[in-house]
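Residue numbers (this note's numbering): 1 to 67.
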């Protein structure tokens with residue numbers, strides 16, 4: 001998901017990096033992260049469970065079965 005960086009040398013000899021603009025989240029942008037694995041998924045592939053006294057969203061079947 002990370003984009004390529006371009007490295008250039010300035011006139012004073014210092015090297016800097018510039019990244020291509022944009023968001024790493026492709027598609028409609030409606031994603032949420034799983035509380036257990038941290039991966040961003042569409043809300044349709046997440047379920048809400050009561051965990052540590054709060055409602056958290058986790059991957060629907062399980063974190064291990066989804067790619």
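Where is the CB? At the ideal position from N, CA and C, for every residue including glycine. Note that this is a predicted model, so its numbers are computed, not measured.
Handout entry: Presumed contact (8 angstroms Cβ cut-off) between residue 57 and residue 34, rounded CB distance
Key = Residue numbering aside, residue 57 sits at position 57 when the chain shown is read from its first letter. Residue numbering aside, residue 34 sits at position 34 when the chain shown is read from its first letter. Rounded to whole angstroms, the Cβ separation of residue 57 and residue 34 is 7 angstroms, and the two are in contact under 8 angstroms.
Practice task
Report the rounded CA-to-CA distance for residue 62 versus residue 46, giving the unit in angstroms.
Solution key: What you label residue 62 is simply residue 62 of the chain shown in a count that begins at 1. What you label residue 46 is simply residue 46 of the chain shown in a count that begins at 1. The alpha-carbon atoms of residue 62 and residue 46 are separated by roughly 9 angstroms.
Exercise for the section: Consult DSSP for residue 42 and reduce its assignment to one of helix, strand or coil. Expected result: Along the chain shown, one-based indexing puts residue 42 at 42. In the structure shown, residue 42 falls within a coil segment according to DSSP collapsed to helix, strand and coil.
Handout entry: residue 54: first and last residue of the uninterrupted beta strand (DSSP E) it sits in
Key = As a position in the chain shown, residue 54 is number 54, starting the count at 1. For residue 54, the enclosing beta strand (DSSP E) stretches over residues 54–59.
Exercise for the section: Take residue 37 and list the residues in its own chain whose beta-carbon comes closer than 6 angstroms to its own, dropping the five residues that flank it on each side. Expected result: For this step, residue 37 is matched to residue 37 along the chain shown. Around residue 37: 63.
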